[in-house]
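Line by line, the protein sequences are chains A and B.
Under the working numbering, think of the first position of the first sequence as 224, with each following residue one higher.
Under the working numbering, think of the first position of the second sequence as 224, with each following residue one higher.
Cβ coordinates follow ideal geometry from the N, Cα and C atoms, glycine included.
This one's a predicted model, so the numbers in the text were calculated from it and none came from an experiment.
Take a look at the structure set out below.
Number of protein chains: 2
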Amino acid sequence: MFPFKTSIQFDRQCNQSLYLQLANQIIQLIKNQTLAPNTKLPGSRTLAEELNVHRKTIVACYEELLLQGWIESIPKKGTFVPSSLPVLQQQKLSNSATDGLRERAGFSFYKNSVLSEKPAKKDDDFMYLNDGTSDGRLTPTDEIARTYRRISAKKMITKHLSYGSTYGNETLREVLVDYLNTTRGLHITKDNVLITRGSQMGIWLSSQLLLQEEDIIVVGNTNYDSADSTFLYQKSRIERVLVDEDGIVTDDIEKLCKLKQIKAVYVTTHHHHPTTVTLSAKRRIHLLNLAKQYNFAIIEDDYDYDFNYNHAPILPLASHDLNGNVIYIGSVCKSVAPVYRIGYLIASREFLDEAAKLRGFVDRQGDALLELTFADFIKSGDLDRHIRKVMKIYKQRRDLFCALLKNEFDGVFQFEIPKGGMAVWTKLNSNYSWATVSEVARTYKLEIGDWQRYDNANLGHNHIRIGFASYNEDEIYELIHRLKQTIADIKNL
Amino acid sequence: MFPFKTSIQFDRQCNQSLYLQLANQIIQLIKNQTLAPNTKLPGSRTLAEELNVHRKTIVACYEELLLQGWIESIPKKGTFVPSSLPVLQQQKLSNSATDGLRERAGFSFYKNSVLSEKPAKKDDDFMYLNDGTSDGRLTPTDEIARTYRRISAKKMITKHLSYGSTYGNETLREVLVDYLNTTRGLHITKDNVLITRGSQMGIWLSSQLLLQEEDIIVVGNTNYDSADSTFLYQKSRIERVLVDEDGIVTDDIEKLCKLKQIKAVYVTTHHHHPTTVTLSAKRRIHLLNLAKQYNFAIIEDDYDYDFNYNHAPILPLASHDLNGNVIYIGSVCKSVAPVYRIGYLIASREFLDEAAKLRGFVDRQGDALLELTFADFIKSGDLDRHIRKVMKIYKQRRDLFCALLKNEFDGVFQFEIPKGGMAVWTKLNSNYSWATVSEVARTYKLEIGDWQRYDNANLGHNHIRIGFASYNEDEIYELIHRLKQTIADIKNL
Numbered sequence: 224m225f226p227f228k229t230s231i232q233f234d235r236q237c238n239q240s241l242y243l244q245l246a247n248q249i250i251q252l253i254k255n256q257t258l259a260p261n262t263k264l265p266g267s268r269t270l271a272e273e274l275n276v277h278r279k280t281i282v283a284c285y286e287e288l289l290l291q292g293w294i295e296s297i298p299k300k301g302t303f304v305p306s307s308l309p310v311l312q313q314q315k316l317s318n319s320a321t322d323g324l325r326e327r328a329g330f331s332f333y334k335n336s337v338l339s340e341k342p343a344k345k346d347d348d349f350m351y352l353n354d355g356t357s358d359g360r361l362t363p364t365d366e367i368a369r370t371y372r373r374i375s376a377k378k379m380i381t382k383h384l385s386y387g388s389t390y391g392n393e394t395l396r397e398v399l400v401d402y403l404n405t406t407r408g409l410h411i412t413k414d415n416v417l418i419t420r421g422s423q424m425g426i427w428l429s430s431q432l433l434l435q436e437e438d439i440i441v442v443g444n445t446n447y448d449s450a451d452s453t454f455l456y457q458k459s460r461i462e463r464v465l466v467d468e469d470g471i472v473t474d475d476i477e478k479l480c481k482l483k484q485i486k487a488v489y490v491t492t493h494h495h496h497p498t499t500v501t502l503s504a505k506r507r508i509h510l511l512n513l514a515k516q517y518n519f520a521i522i523e524d525d526y527d528y529d530f531n532y533n534h535a536p537i538l539p540l541a542s543h544d545l546n547g548n549v550i551y552i553g554s555v556c557k558s559v560a561p562v563y564r565i566g567y568l569i570a571s572r573e574f575l576d577e578a579a580k581l582r583g584f585v586d587r588q589g590d591a592l593l594e595l596t597f598a599d600f601i602k603s604g605d606l607d608r609h610i611r612k613v614m615k616i617y618k619q620r621r622d623l624f625c626a627l628l629k630n631e632f633d634g635v636f637q638f639e640i641p642k643g644g645m646a647v648w649t650k651l652n653s654n655y656s657w658a659t660v661s662e663v664a665r666t667y668k669l670e671i672g673d674w675q676r677y678d679n680a681n682l683g684h685n686h687i688r689i690g691f692a693s694y695n696e697d698e699i700y701e702l703i704h705r706l707k708q709t710i711a712d713i714k715n716l
Numbered sequence: 224m225f226p227f228k229t230s231i232q233f234d235r236q237c238n239q240s241l242y243l244q245l246a247n248q249i250i251q252l253i254k255n256q257t258l259a260p261n262t263k264l265p266g267s268r269t270l271a272e273e274l275n276v277h278r279k280t281i282v283a284c285y286e287e288l289l290l291q292g293w294i295e296s297i298p299k300k301g302t303f304v305p306s307s308l309p310v311l312q313q314q315k316l317s318n319s320a321t322d323g324l325r326e327r328a329g330f331s332f333y334k335n336s337v338l339s340e341k342p343a344k345k346d347d348d349f350m351y352l353n354d355g356t357s358d359g360r361l362t363p364t365d366e367i368a369r370t371y372r373r374i375s376a377k378k379m380i381t382k383h384l385s386y387g388s389t390y391g392n393e394t395l396r397e398v399l400v401d402y403l404n405t406t407r408g409l410h411i412t413k414d415n416v417l418i419t420r421g422s423q424m425g426i427w428l429s430s431q432l433l434l435q436e437e438d439i440i441v442v443g444n445t446n447y448d449s450a451d452s453t454f455l456y457q458k459s460r461i462e463r464v465l466v467d468e469d470g471i472v473t474d475d476i477e478k479l480c481k482l483k484q485i486k487a488v489y490v491t492t493h494h495h496h497p498t499t500v501t502l503s504a505k506r507r508i509h510l511l512n513l514a515k516q517y518n519f520a521i522i523e524d525d526y527d528y529d530f531n532y533n534h535a536p537i538l539p540l541a542s543h544d545l546n547g548n549v550i551y552i553g554s555v556c557k558s559v560a561p562v563y564r565i566g567y568l569i570a571s572r573e574f575l576d577e578a579a580k581l582r583g584f585v586d587r588q589g590d591a592l593l594e595l596t597f598a599d600f601i602k603s604g605d606l607d608r609h610i611r612k613v614m615k616i617y618k619q620r621r622d623l624f625c626a627l628l629k630n631e632f633d634g635v636f637q638f639e640i641p642k643g644g645m646a647v648w649t650k651l652n653s654n655y656s657w658a659t660v661s662e663v664a665r666t667y668k669l670e671i672g673d674w675q676r677y678d679n680a681n682l683g684h685n686h687i688r689i690g691f692a693s694y695n696e697d698e699i700y701e702l703i704h705r706l707k708q709t710i711a712d713i714k715n716l
């Protein structure tokens with residue numbers, strides 16, 4: 224008889240029941256032909272004795288194997304490995320460790336050079352520059368979680384647990400209508416609101432619906448890197464237009480419109496990403512008029528509407544759009560925290576309906592529990608109170624960071640103090656390069672990050688965007704300290 | 224002087240401060256040229272008196288308008304509407320209500336006929352058939368929310384609040400490695416795991432990476448409707464292969480492979496969707512061998528692995544795949560509830576890395592708080608306990624539903640009792656049509672739903688899939704009662 228006793232091993236610590244452990248091992252033996260076709264298997268009583276397990280375990284195992292088709296029972300003859308079972312063709316494994324790795328795909332697929340690596344694992348010792356994120360320590364996670372739990376415990380919650388609308392939760396859509404009409408001067412109804420997983424999903428959906436191969440999208444000659452990549456993934460053609468101190472130059476967009484059919488213009492009107500400039504009133508109106516005249520879409524990504532230190536927020540283009548040209552995108556990622564994947568796409572009903580259908584394919588639907596939580600968080604005024612609280616703190620951080628950047632580097636950096644947002648558009652003196660600064664900074668445990676993403680058009684402007692909002696006062700001093708050491712080293716090179 | 228007093232209205236209940244309300248109304252007046260270019264605005268003192276507000280309000284408003292560029296200040300002359308401000312071209316509005324609706328897009332975009340409407344709003348009086356969803360009343364929402372809150376309150380949580388890995392949370396990936404290796408017989412490491420928002424995102428990502436125009440994907444001649452649509456959205460070509468009582472006929476796939484280059488095969492091995500049959504062991508091995516030989520991908524959607532009433536679950540293809548051919552997709556949507564958007568895509572590292580990059584474009588990242596919550600829920604054994612609990616209940620419901628469907632309709636329906644899952648593949652006697660049943664059922668407040676989606680290949684099989692798991696005993700009786708009334712009516716037609 225085949226030496227089951229030495230071939231089979233049970234792990235009694237394992238969650239898996241004994242009969243399944245046994246079945247899976249016998250399957251392995253059949254698959255690799257250790258148990259060859261037509262082999263007769265021992266009776267259940269015999270095998271139970273040999274393996275020192277209860278007979279029921281063997282019976283259950285054989286039943287399972289029969290059901291799965293790995294063995295067959297021939298009346299009055301016994302149980303056999305079938306003759307017709309095809310042998311599984313496996314690659315030769317050099318050692319058993321390879322078994323668990325599965326490195327290479329056994330098929331071809333489309334690799335897209337646009338898809339770039341995301342930043343690697345972080346090291347606790349290092350300080351990492353970012354392009355303007357909130358400070359997680361100020362996030363009211365506990366308050367939000369309390370609301371989440373209260374909502375989850377409600378009896379009426381059952382109806383929200385199954386498959387729901389691809390537009391997002393009704394209550395949150397209604398709350399957002401009120402909130403956006405009040406704070407952004409929009410004139411929308413619920414039919415204009417799709418709840419997304421943050422701004423990126425809004426850009427993705429818009430991009431899929433607006434752009435096909437060779438379609439033209441206009442962006443600033445510096446532009447938000449993720450938006451650029453999303454448009455390139457669609458194989459659309461990006462036309463870059465000058466951005467000056469009043470934002471994107473709409474006269475240049477007009478010139479383009481006269482030459483070619485433009486599908487869309489992507490703008491970050493409130494604080495242009497990455498340069499932080501605000502689009503002037505005159506250009507806003509010009510852009511809206513161009514969109515109407517030439518029938519293109521304006522994707523208005525209003526990623527940091529809430530943060531203004533010197534003035535009230537300026538109303539978005541969407542508040543002046545009466546012709547259905549604007550697709551307005553926002554989220555709570557900057558004002559609360561990126562972990563809460565709640566955003567919105569606002570557009571004409573016609574476009575929104577199509578976006579909602581597409582969204583069904585992407586991830587079926589949102590998270591109704593989290594959406595209800597944020598409906599409560601916004602409606603109760605907690606969101607506004609949170610924004611007021613952090614805005615004061617971020618303003619102090621901006622002032623400190625800009626003062627140090629101005630006073631401690633003897634003209635190495637040039638910048639304008641940003642009127643809002645969470646980042647400073649910082650120019651390095653053209654005697655130096657960010658490549659060198661990045662390299663040297665690492666010796667002082669400062670990671671500059673991918674500075675090249677701020678210059679996709681290869682303008683050589685020597686700027687990067689430095690976020691200040693996520694660091695407290697001590698950390699700002701520490702950051703400046705490491706940067707000073709870096710610059711001092713470079714000057715001595 | 225322009226009649227500001229009668230043109231401007233303040234809403235003192237509104238959250239918006241008075242100066243901004245004023246500014247926005249003046250912007251409207253300038254935009255529609257009620258205040259024409261070169262108009263001189265009254266001094267702040269005069270206007271404050273006329274509007275009966277504090278002078279500071281007017282000063283703040285004018286500062287805001289200056290900043291936004293809507294007015295200009297000429298020294299010693301006063302404040303003016305600029306001459307150069309372009310006029311916003313608006314469509315004629317028939318009445319003010321239209322203002323808030325924005326029906327039509329002012330640009331063209333790609334409508335795709337594949338994108339179909341999702342089911343409309345539900346009516347509380349109605350019973351709705353589904354194709355096999357869990358019962359939300361059995362979902363441990365409160366326990367999960369308690370864990371969510373505990374995790375959110377932890378001090379270490381800060382590092383999870385910002386932008387994170389597009390692969391998903393590390394801890395959940397590690398927990399899933401253990402869980403899937405133990406319960407599904409996989410041999411994976413963390414590098415093979417991408418956390419998704421449920422199975423649909425796994426299908427979407429795979430589809431984007433595998434299929435371009437005219438690429439061939441093979442599916443069953445009946446197949447899960449959403450998968451079909453996702454592949455069609457990619458403009459790929461769907462080849463349909465017979466499904467019999469042993470699952471998809473792999474011999475027919477082999478014939479196809481000899482004729483054409485196949486990119487992928489989509490299978491629901493455990494319980495084929497919609498017919499509920501299990502793919503036999505022989506065909507499993509055959510399919511794996513074909514994939515290796517012809518270098519195609521197998522998308523294995525294991526949507527209901529956990530639910531088996533007569534036998535232990537059968538290990539997925541992915542557990543036998545040593546050549547990197549299988550993309551294994553699953554989620555907690557069936558075993559817990561669809562509202563928890565946690566799923567996984569398991570594949571060779573090479574494919575997974577590309578999927579993770581693409582995922583960054585789709586929605587940037589998952590919800591780390593929810594992912595940590597489910598890491599805890601799975602690791603603690605709570606998930607398994609929950610599955611054991613509901614499985615007993617669903618088995619009773621299956622037995623009751625099948626007994627009634629057999630005994631109460633005098634041969635109108637034909638079906639096999641499903642060995643697992645949450646639905647019965649139900650054939651209507653060919654003397655009747657689901658179109659008629661659907662129509663008549665509505666008079667008894669029973670909504671059959673889109674029965675045509677079960678026959679995308681127009682086979683005329685007259686089957687639909689009826690979920691039983693979401694109804695309790697009383698509801699099953701009520702459902703059968705309404706269906707009996709419907710059938711009685713039809714027999715009397």
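Partner residues in the beta bridge of A:ILE550, as assigned by DSSP, are A:ILE522. In the displayed model, B:ASN531 falls within a strand according to three-state DSSP. DSSP lists A:GLY566 as the beta-bridge partner residues of A:THR419.
The C-beta distance from A:GLN457 to A:GLN423 rounds to 14 Å, too long to meet the 8 Å contact threshold. When DSSP assignments are scanned along the region 608 to 667 of chain A, the uninterrupted stretches of alpha helix (DSSP H) that are 4 or more residues long and fall wholly within it turn out to be 657 to 666. The three-state secondary structure of B:LEU428, taken from DSSP, is helix. Annotation for B:VAL585: the continuous alpha helix (DSSP H) segment containing it runs 572 to 586.
Counting along the chain, B:SER296 sits inside the beta strand (DSSP E) bounded by residues 295 to 297. At least one C-beta of chain B is nearer than 7 Å to the C-beta of A:HIS534. In this structure the region 514 to 532 of chain A touches the region 636 to 644 of chain A; the number of beta carbon pairs closer than 8 Å is three or more. Apart from the 5 residues on each side of it in sequence, A:THR659 sits with its Cβ closer than 7 Å to the Cβ of ILE713 in its chain, given in chain order. For the pair A:ILE476 and A:ARG506, the Cα-to-Cα distance works out to about 11 Å. Contact note: A:ASN247 reaches chain B through GLY408, LEU538 and SER542, using a C-beta cutoff of 9 Å and chain order. Close partners of A:THR499 in chain B (Cβ separation under 9 Å) are lacking, with about 15 Å as the shortest Cβ gap. Short of 8 Å from the beta carbon of A:SER449, and not among the five residues preceding or following it, lie these beta carbons of its own chain, in chain order: GLN423 and ILE426. In the DSSP assignment, B:ALA711 falls within the alpha helix (DSSP H) that extends over 696 to 714.
Of the candidates A:ILE710, A:LYS483 and A:PRO305, the residue whose Cα lies closest to the Cα of A:TYR655 is A:ILE710. In this structure B:ILE297 is exposed. Its beta-carbon is surrounded by fewer than 16 other beta-carbon atoms within 10 angstroms. For A:ALA560, the secondary structure class from DSSP, reduced to helix, strand or coil, is coil. In the assembly as shown, B:ASP354 is a buried residue. Its beta-carbon has 16 or more other beta-carbons within 10 Å.
Inclusion of B:GLY421 and A:THR381 in the CB contact set at 7 Å is not warranted, their separation being larger than that value. CA-CA distance, B:GLN239 to A:ARG327, rounds to 58 Å.
Interface residue (Cβ-Cβ distance to chain A less than 7 Å): B:GLU573 is classified as such. Looking at B:SER307, B:ASP678 and B:PRO561, the one whose alpha-carbon comes closest to that of B:THR498 is B:ASP678.
Apart from the 5 residues on each side of it in sequence, A:HIS496 sits with its Cβ closer than 6 Å to the Cβ of TYR447 in its chain, given in chain order.
DSSP places A:THR405 within a helical segment (H, G or I) once states are collapsed to three.
For A:ILE461, there is no enclosing alpha helix (DSSP H); the enclosing beta strand (DSSP E) covers residues 460 to 464. One thing to note: A:ILE537 has its Cβ within 7 Å of the Cβ of B:GLN291. For B:THR649, same chain residues with a beta-carbon under 8 Å away, outside a window of 5 residues either side, are LEU628, PHE636, GLN637, PHE638, HIS686, ILE687, ARG688 and ILE689 in chain order. Using beta-carbon distances, A:THR453 counts as an interface residue toward chain B, with a partner under 7 Å.
With a cut-off of 8 Å on Cβ pairs, the region 343 to 352 of chain B is in contact with the region 665 to 681 of chain B, counting three or more such pairs.
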